[in-house]
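Chains as they are written, first to last, in this note's numbering: chain S, 1 to 337; chain A, 338 to 674.
Below is one structure, written out as structure tokens, with a few remarks after it.
Next comes the structure, spelled out in structure tokens:
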């Protein structure tokens with residue numbers, strides 16, 4: 001996440017090749033993409049940001065990219081269709097486009113916050129093989145957007161996992177052009193933050209839900225932890241455990257595997273105090289299993305979406321992680337590129 | 338790992354149920370197993386160790402276990418066949434038994450170190466869902482075997498991964514009965530340590546090679562790291578990456594995914610100094626890819642066993658991790674118990 005002092009007019013993105021681990025040539029290629037895009041749009045150089053996503057360690061096929069940039073420049077039009085078209089273009093292993101729009105009114109003027117993201121695999125934040133582009137017509141003159149964006153990202157894009165693999169190429173960009181004629185100030189800040197959170201939260205959810213060959217989205221709500229870091233460690237140990245993820249896939253509410261992952265998470269707790277429930281069905285109360293609820297746990301886990309609540313009874317801290325299951329399809333899909 | 342002051346006469350182990358997260362009843366059941374086994378063998382109480390492996394969170398079916406213990410006690414015979422029989426009995430999702438024997442001579446007397454292990458899934462040390470039983474006829478009178486065993490375990494049983502899931506029920510036991518009439522002392526210590534390492538190393542290798550539905554064993558040799566912990570972090574990030582493991586399965590020498598995992602391992606390094614080779618075929622030298630070697634990398638990765646060397650050129654520390662690939666079969670096998 002960077003804060004830009006020079007005006008940014010747009011983004012040029014490619015998929016299929018991450019332009020990562022490509023050394024000096026890679027840097028030069030990114031620079032070329034920015035310059036060619038600016039030229040194609042008739043805008044000053046150094047006003048475009050460059051994003052790439054795809055295979056690591058191979059040079060970009062610059063001939064094709066240059067040709068495409070020249071063609072795109074001529075095709076740029078204003079309006080919503082262009083946003084849709086952009087959202088489709090950035091997809092890689094995604095099966096559907098991911099967009100979200102929020103609006104709010106200030107003194108009869110409408111402010112829009114709109115986001116578009118891609119990401120399906122190599123999803124474990126900080127942040128994931130995901131690109132997210134958020135635009136707004138609020139005026140951010142004199143305001144540092146970076147901490148505002150970071151706050152929204154922390155519990156959305158940074159709180160998801162598909163496969164536990166972090167990425168070389170994760171990006172979230174927030175661009176504001178001021179066209180709404182509404183200023184971001186003390187009177188609009190909280191409303192703007194809420195809209196931004198909503199966009200990030202919705203897009204983060206769509207990324208997990210479109211995880212490579214997944215069948216389930218599981219919301220892990222850890223509460224009563226001694227520290228937020230402890231709560232996060234627990235959520236990530238569970239959400240990244242292959243044995244937990246495969247059991248979700250198999251509709252098996254195997255709380256023993258949750259307890260096992262809790263045990264190796266880097267967090268202090270007393271196993272005899274823990275409550276676990278699947279949805280609103282208790283599986284473990286104060287460390288004691290409620291086996292008669294088993295048919296109901298199974299019903300919860302057989303849904304495409306469900307929530308697991310874990311209360312550590314060790315403090316006040318909490319953490320939410322959105323995780324997916326793990327399927328044979330994921331393995332098959334990723335066994336070669 | 339515990340050091341026992343009271344004499345231990347044997348081990349009673351069950352598979353299919355881990356007797357973990359079973360509270361007071363679980364503790365009582367373990368005690369009952371020890372007592373019944375001692376009674377069945379006609380030996381004093383408190384001389385048997387108890388090991389369990391299997392599903393977490395369910396009470397042991399004590400009726401069946403008690404019956405089996407009574408029958409086993411009557412069936413105990415001395416000799417190698419019994420060792421074989423024991424090795425078969427402790428298997429769970431293992432497809433084959435895992436045993437190893439080493440001997441050495443001291444003044445015409447033979448010392449034997451023999452081991453038997455089980456483990457195939459939930460394999461990420463400290464230590465793994467593995468049970469390993471090592472017996473020797475050396476006399477360890479007055480010697481603390483614990484640090485000697487720990488030294489052997491650190492770079493063998495604690496340096497393997499199948500799925501990155503640690504276990505509730507990992508155990509390594511070393512029992513010495515002194516029957517060889519050879520004492521463990523300054524003159525025999527190094528030879529004994531070498532034999533013990535060989536047993537642990539061989540059994541650890543067999544556990545990875547029999548990992549649940551795996552097709553490959555990959556030896557990761559990290560060298561030139563700033564610290565051993567840094568080298569271990571790198572090896573584990575790579576060895577537990579779903580994207581790396583699936584690419585091995587697909588015979589895809591995707592060094593980009595190795596670099597990605599290196600990037601999120603908790604270790605300091607300069608990407609432009611790294612050497613990576615598959616077997617003896619360089620893929621990356623000083624951070625620069627050698628694409629002309631690609632056909633040869635592919636050949637290496639298509640083997641059932643291969644080694645990846647990664648030199649960080651950041652120091653002198655090194656670490657070796659044995660890892661497996663990840664297959665659709667693993668997912669299918671673990672989706673329900």
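Every residue gets a Cβ at the ideal spot worked out from N, C-alpha and C, and that includes glycine.
All values reported here derive from a predicted model rather than from experimental measurement.
Hey, residue i and residue j: beta-carbon distance below 8 Å or not?
i: residue 440 of chain A; j: residue 448 of chain A; result: yes
i: residue 242 of chain S; j: residue 501 of chain A; result: yes
i: residue 563 of chain A; j: residue 605 of chain A; result: yes
i: residue 325 of chain S; j: residue 245 of chain S; result: yes
i: residue 248 of chain S; j: residue 296 of chain S; result: no
i: residue 95 of chain S; j: residue 210 of chain S; result: yes
i: residue 26 of chain S; j: residue 59 of chain S; result: yes
i: residue 403 of chain A; j: residue 373 of chain A; result: yes
i: residue 470 of chain A; j: residue 428 of chain A; result: no
i: residue 472 of chain A; j: residue 388 of chain A; result: no
i: residue 537 of chain A; j: residue 489 of chain A; result: yes
i: residue 219 of chain S; j: residue 55 of chain S; result: no
i: residue 406 of chain A; j: residue 349 of chain A; result: yes
i: residue 647 of chain A; j: residue 559 of chain A; result: yes
i: residue 286 of chain S; j: residue 272 of chain S; result: yes
i: residue 137 of chain S; j: residue 178 of chain S; result: yes
i: residue 329 of chain S; j: residue 673 of chain A; result: no
i: residue 625 of chain A; j: residue 23 of chain S; result: yes
i: residue 161 of chain S; j: residue 197 of chain S; result: no
i: residue 521 of chain A; j: residue 529 of chain A; result: yes
i: residue 377 of chain A; j: residue 347 of chain A; result: no
i: residue 275 of chain S; j: residue 262 of chain S; result: no
i: residue 320 of chain S; j: residue 159 of chain S; result: yes
i: residue 593 of chain A; j: residue 21 of chain S; result: yes
Under three-state DSSP, which class holds residue i?
i: residue 666 of chain A; result: helix
i: residue 21 of chain S; result: coil
i: residue 50 of chain S; result: strand
i: residue 227 of chain S; result: coil
i: residue 656 of chain A; result: strand
i: residue 393 of chain A; result: coil
i: residue 374 of chain A; result: helix
i: residue 380 of chain A; result: coil
i: residue 449 of chain A; result: strand
i: residue 584 of chain A; result: helix
i: residue 548 of chain A; result: coil
i: residue 570 of chain A; result: helix
i: residue 351 of chain A; result: strand
Taking buried to mean at least 16 other C-beta atoms within 10 Å of its own C-beta, is residue i buried or exposed?
i: residue 444 of chain A; result: exposed
i: residue 590 of chain A; result: buried
i: residue 97 of chain S; result: buried
i: residue 146 of chain S; result: exposed
i: residue 366 of chain A; result: buried
i: residue 344 of chain A; result: exposed
i: residue 413 of chain A; result: exposed
i: residue 53 of chain S; result: buried
i: residue 401 of chain A; result: exposed
i: residue 127 of chain S; result: Per-residue confidence for residue 127 of chain S stands at a pLDDT of 38, beneath the threshold of 50, marking its modelled position as unreliable; the derived number appears in the next sentence. Buried: at least 16 other Cβ atoms inside 10 Å.
i: residue 524 of chain A; result: exposed
i: residue 452 of chain A; result: buried
i: residue 487 of chain A; result: exposed
For residue i, is the beta carbon positioned less than 7 Å from some heavy atom of the ligand SAM?
i: residue 434 of chain A; result: This structure lacks the ligand SAM; in fact it carries no ligand of any kind.
Length at least 3, wholly inside the region 61-109 of chain S: the beta strand (DSSP E) runs in chain order: Complete beta strand (DSSP E) runs here, min 3: 98-106.
Within the region 455-532 of chain A, ranges of the alpha helix (DSSP H) (whole runs, at least 4 residues): Counting whole runs of 4 or more residues, the region 455-532 of chain A contains the alpha helix (DSSP H) stretches 482-491.
Contacting positions in the region 376-393 of chain A - beta carbon closer than 9 Å to chain S: Listed by position, the residues of the region 376-393 of chain A near chain S (Cβ gap below 9 Å) are 392, 393.
Contacting positions in the region 583-607 of chain A - beta carbon closer than 8 Å to chain S: Taken in chain order, the members of the region 583-607 of chain A whose beta-carbon sits within less than 8 Å of a beta-carbon on chain S are 583, 584, 586, 587, 588, 589, 591, 592, 593, 594, 596, 597, 598, 600, 601.
Those runs of the beta strand (DSSP E) which lie wholly inside the region 254-317 of chain S and span at least 3 residues: Here the runs fully enclosed are 275-278, 281-285, 305-311.
Interface positions of the region 624-649 of chain A facing chain S (Cβ-Cβ less than 9 Å), listed along the chain: Identification of residues in the region 624-649 of chain A having a C-beta nearer than 9 Å to some C-beta of chain S yields 624, 625, 626, 628, given in sequence order.
Cβ-based contacts, 7 Å cut-off: residues of the region 661-673 of chain A near chain S: Of all residues in the region 661-673 of chain A, 663, 664, 665, 668, 669, 671, 672, 673 have a Cβ within less than 7 Å of some Cβ in chain S.
Within 9 Å of chain A by C-beta, residues of the region 196-223 of chain S in sequence order: Across the region 196-223 of chain S, no CB contact with chain A closer than 9 Å is found for any residue.
Contact residues within the region 356-377 of chain A, judged by C-beta distance below 9 Å to chain S: Of all residues in the region 356-377 of chain A, only 357, 358, 359, 360 come within less than 9 Å of chain S when Cβ atoms are compared, listed by chain position.
Residues within the region 570-583 of chain A neighbouring chain S, beta-carbon criterion of under 7 Å: Near chain S, meaning a CB-to-CB distance below 7 Å, the residues of the region 570-583 of chain A are 578, 579, 580, 583.
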